[in-house]
Amino acid sequence: MSHTFLEQFWIARYVILNGIAMTVSISLLAILAGSILGVFVGLALVYGNGVLRLIVRAYTDVIRGTPVLVLVLASYYVSSAVGIELGPFSAGVLALAIFCSSHVGEIVRGALQAVPKGQTEAAKAIGLTFSQTFTSVLWPQALRQCLPAWVNTAAEMVKASTLLSVIGVAELLLRTQEIISRNFMSLQFYFLAGALYFIVNFGIERFGKFVERKTTLPS
Numbered sequence: 001m002s003h004t005f006l007e008q009f010w011i012a013r014y015v016i017l018n019g020i021a022m023t024v025s026i027s028l029l030a031i032l033a034g035s036i037l038g039v040f041v042g043l044a045l046v047y048g049n050g051v052l053r054l055i056v057r058a059y060t061d062v063i064r065g066t067p068v069l070v071l072v073l074a075s076y077y078v079s080s081a082v083g084i085e086l087g088p089f090s091a092g093v094l095a096l097a098i099f100c101s102s103h104v105g106e107i108v109r110g111a112l113q114a115v116p117k118g119q120t121e122a123a124k125a126i127g128l129t130f131s132q133t134f135t136s137v138l139w140p141q142a143l144r145q146c147l148p149a150w151v152n153t154a155a156e157m158v159k160a161s162t163l164l165s166v167i168g169v170a171e172l173l174l175r176t177q178e179i180i181s182r183n184f185m186s187l188q189f190y191f192l193a194g195a196l197y198f199i200v201n202f203g204i205e206r207f208g209k210f211v212e213r214k215t216t217l218p219s
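Take 1 as the starting number for the sequence shown in the UniProt record's numbering and just add one per residue.
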């Protein structure tokens, strides 16, 4: 049986590699876009006026309370209904980025609020603008608190990318299902897919640890 699996794996090697590449591409784009948007969401939650905070709070609560699959289907089908033509790949990235942004926004909000207010007051006292205060004082401190939760969110985006198979995105799970439909070796290839997802998430976790070491203040 192992010899048969190795033969089938060799035959399907390029299909698997294409699936991994698609999964990594989708995850990276969603994490990058979602993290950038999430920073602005967090800033609005902390420093926005009352109306803006209310709007952004509603956004984060609704998105976080909506299943990712619903967001994926909405991005693909609703966008077409309103005249915005998005392909499966673009719709999938959009859905995951929106979901990611709501979580990153809450992470950033919590990290910024954890920075002592005296830091902001001291920055104002020496004449720093808000942008200077944020980039030089607040964000470096908040980033160190954001990283562990951000790594968890990034890993969740990789796992959530499996849901894009329902709209036809040829990521790793869909490619694995296509292979299994030809050779009926479900256990072996699902186990392989699980191992590959683990490797991707382990890489994200290692990257997070690397950034955390680089941003740690010397004692």
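Quick reminder that beta carbons are idealized off the backbone N, C-alpha and C, glycines included.
Buried or exposed (CB count within 10 angstroms, at least 16 for buried), residue i
i	result
S27	buried
L174	buried
S219	Here the model assigns S219 a pLDDT of 49, short of 50, so the residue's position is not dependable, and the following value carries that caveat. By the neighbour-count rule (16 or more Cβ atoms within 10 Å), S219 is not buried but exposed.
W10	exposed
S109	It should be noted that the sequence gives Arg, not Ser, for residue 109. Buried, by the Cβ-count rule.
A154	buried
L17	exposed
G87	exposed
residue 221	Outside the shown range of the chain (1 to 219) lies residue 221, about which nothing can therefore be said.
L96	buried
T60	buried
T176	buried
Host alpha helix (DSSP H) of residue i (start-end)
i	result
I63	G50 to R64
E121	K117 to A125
L73	V68 to L73
V104	P88 to A114
E178	L172 to N183
G83	First-last for G83: undefined, no H or E at that position.
Under 8 Å between C-beta atoms of residue i and residue j
i	j	result
G42	G83	no
N201	V158	yes
I180	F189	yes
I204	V151	yes
S80	L94	no
T23	L172	yes
V78	G92	no
L196	I63	no
L52	A44	yes
L112	V211	no
A114	Q145	yes
T120	T135	no
E178	V15	yes
Reduced DSSP category for residue i - H, G, I as helix; E, B as strand; rest coil
i	result
L192	helix
L163	helix
F198	helix
M1	Below a pLDDT of 50, predicted positions are generally treated as unreliable, and M1, at 44, falls in that range; the measurement from the model is reported next regardless. Residue state, collapsed to three classes: coil.
T23	helix
V151	helix
T133	helix
L128	coil
A12	coil
V169	coil
S219	Because S219 sits at a pLDDT of 49, beneath the cut-off of 50, its placement in the model cannot be relied upon, and the following sentence gives the value as read from the coordinates. Three-state result, S219: coil.
beta-carbon residue i near the ligand SAH non-hydrogen atom, thresh 7 Å
i	result
G194	The ligand SAH is not part of this structure, which contains no ligands at all.
Exercise for the section: Taking 8 Å as the threshold, find out whether the segment 33-52 comes into contact with the segment 88-103 through three or more Cβ pairs. Expected result: yes
Problem - Contact between the segment 148-166 and the segment 126-140 (3+ Cβ pairs under 8 Å) - result: no
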